[in-house]
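Visitor:
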Amino acid sequence: MNISEIFSPKLHEYLVEHSTPPVSVLQELAAENERRYPDSVIMQIGPEQGRFMTLLAQLSGTRDIIEIGTFTGYSSLCLALGIPDDGTILTCDIDEEWASMARRYWEKAGVAHKIASRIGPAADTLRALPADPMFDMAFIDADKQSYIDYWNEIVPRIRPGGLILADNTLYAGEVVDPTKTSDAVQGIRGFNDHALADERVELVLLSVGDGLTLARKKN
Ligand SMILES: C[S@@+](CC[C@H](N)C(=O)[O-])C[C@H]1O[C@@H](n2cnc3c(N)ncnc32)[C@H](O)[C@@H]1O
2 MNISEIFSPK LHEYLVEHST PPVSVLQELA AENERRYPDS VIMQIGPEQG RFMTLLAQLS
62 GTRDIIEIGT FTGYSSLCLA LGIPDDGTIL TCDIDEEWAS MARRYWEKAG VAHKIASRIG
122 PAADTLRALP ADPMFDMAFI DADKQSYIDY WNEIVPRIRP GGLILADNTL YAGEVVDPTK
182 TSDAVQGIRG FNDHALADER VELVLLSVGD GLTLARKKN
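Our numbering numbers the first residue of the sequence shown as 2 and each following residue consecutively.
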């Protein structure tokens, strides 16, 4: 899902064309995704969201990131390009094959030393981490039914002033369509209410990509 299902395709094309294009390795990765995985259009974040996330990492001085949902590594690479050379990304997925394709591109882009992959259910990976604040940023982009669980594990592990991003929070507009009742859209609706009610953060739901919630943990 992407913004073109919420806004007109023409307007989406215009905003992509008026954003700095992705670096060549990202373009190659997106092209391989398109060739090998027809579903990648609903999996991988779009180029304008990738640029936004690189800029956000740079602007916030982020160093350490946790990502839930690697797929073939496009969003990890965007984030890696926005953090310093000694920055770290811990990215979680259940699929080994996708993670190895991701590593190929991280190496090509010269950022592989910043990124560690964990294969296995992300909730288990999160629960096994120390409970202390250790990340400046989180990006949640995996199974929608588990967003609340991920949020509950992540918020305590984010440093004060740090950011939590959650993807697909408009879910192609289905969040406001009562005839849509899939587990995924219900998971997103529940998550949006849950995050909003959490007094540890302040947040905004942005119409970037398929809806991107940007939450800042209060000091
Ligand atoms: C939307 S894709 C991530 C896209 C990626 N962030 C990008 O922009 O290229 C969602 C990913 O979540 C992974 N996933 C689904 N359930 C999971 C779970 N329980 N634990 C960890 N990863 C999971 C899937 O294997 C898939 O790669």
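For every residue, glycine included, the Cβ atom is placed at its ideal position computed from N, Cα and C.
On the DSSP letters alone, give me the boundaries of the beta strand (DSSP E) that Arg160 sits inside.
Guide: That run of the beta strand (DSSP E) goes 159–168.
Visitor: Using the C-alpha atoms, what's the distance from Lys181 back to Ser77?
Guide: Going by the C-alpha atoms only, they are around 30 Å apart.
Visitor: Indicate whether Gly70 and Ala143 have their beta-carbon atoms separated by less than 8 Å.
Guide: Yes, the pair counts as a contact, with Cβ atoms nearer than the cut-off.
Visitor: Go to Asp144, then tell me how far its alpha helix (DSSP H) extends in each direction, as first and last residue.
Guide: First-last for Asp144: undefined, no H or E at that position.
Visitor: Out of His19, Glu68, Tyr38, Ile43, state which residue places its alpha-carbon closest to the alpha-carbon of Asp52.
Guide: Checking the sequence, you will find Arg at residue 52 rather than Asp. Cα-wise, what sits closest to Arg52 is His19.
Visitor: Does the Cβ of Tyr75 lie closer than 7 Å to at least one heavy atom of ligand 1?
Guide: It does: the Cβ of Tyr75 is within 7 Å (strictly closer) of some heavy atom of ligand 1.
Visitor: Hey, Asn193 and Val209 are a contact pair by Cβ (cut 8 Å); roughly how many whole angstroms apart?
Guide: Incorrect: roughly 15 Å between the Cβ atoms, too far for contact.
Visitor: Leaving out five residues before and five after Tyr38 in sequence, what residues of the same chain have Cβ atoms less than 8 Å from its Cβ?
Guide: Within the same chain, Tyr38 has close Cβ partners Met44, Thr73.
Visitor: Regarding Gln45 and ligand 1, is the C-beta to nearest heavy atom distance less than 7 Å?
Guide: True, at least one ligand heavy atom lies under 7 Å from that Cβ.
Visitor: Do you know how far the Cα of Gln59 is from the Cα of Ile84?
Guide: Ile84 and Gln59: Cα-Cα distance of roughly 6 Å.
Visitor: Are the Cβ atoms of Ile1 and Ala132 separated by less than 8 Å?
Guide: Lying before the first or after the last residue shown, residue 1 is absent from the chain, which here runs from 2 to 220.
Visitor: Determine whether the beta carbon atoms of Lys109 and Val26 lie at a separation below 8 Å.
Guide: In contact: Lys109 and Val26 (Cβ atoms closer than 8 Å).
Visitor: Whole angstroms are fine: how far does the CA of Asp168 sit from the CA of Lys219?
Guide: Rounded to whole angstroms, Lys219 to Asp168 spans 21 Å at the Cα level.
Visitor: Leaving out five residues on either side along the sequence, give the residues of the same chain with a beta carbon under 7 Å from the beta carbon of Leu215.
Guide: Taken in chain order, the residues that qualify are Leu164, Leu166, Leu204, Val205, Leu207.
Visitor: Can you give me the C-alpha to C-alpha distance between Val17 and Asp211, rounded to a whole angstrom?
Guide: Taking the straight line joining both Cα atoms gives about 14 Å.
Visitor: Which whole runs of the beta strand (DSSP E) in the stretch 17–92 are 3 residues long or more, in chain order?
Guide: Whole beta strand (DSSP E) segments, 3+ residues: 65–69.
Visitor: Measure the alpha-carbon distance for Val112 versus Ser147 and round it to whole angstroms.
Guide: Using only the alpha carbons, I get a separation of about 29 Å.
Visitor: If I measure Cβ to Cβ from Arg119 and keep anything under 6 Å in the same chain, skipping five residues before and after, which residues do I get?
Guide: So the qualifying residues of the chain are Cys93, Thr126.
Visitor: Does at least one heavy atom of ligand 1 sit under 7 Å from the Cβ of Ser147?
Guide: For ligand 1, at least one heavy atom lies less than 7 Å from the Cβ of Ser147.
Visitor: If I measure Cβ to Cβ from Gly121 and keep anything under 6 Å in the same chain, skipping five residues before and after, which residues do I get?
Guide: Cβ within range, chain order: n/a, list empty.
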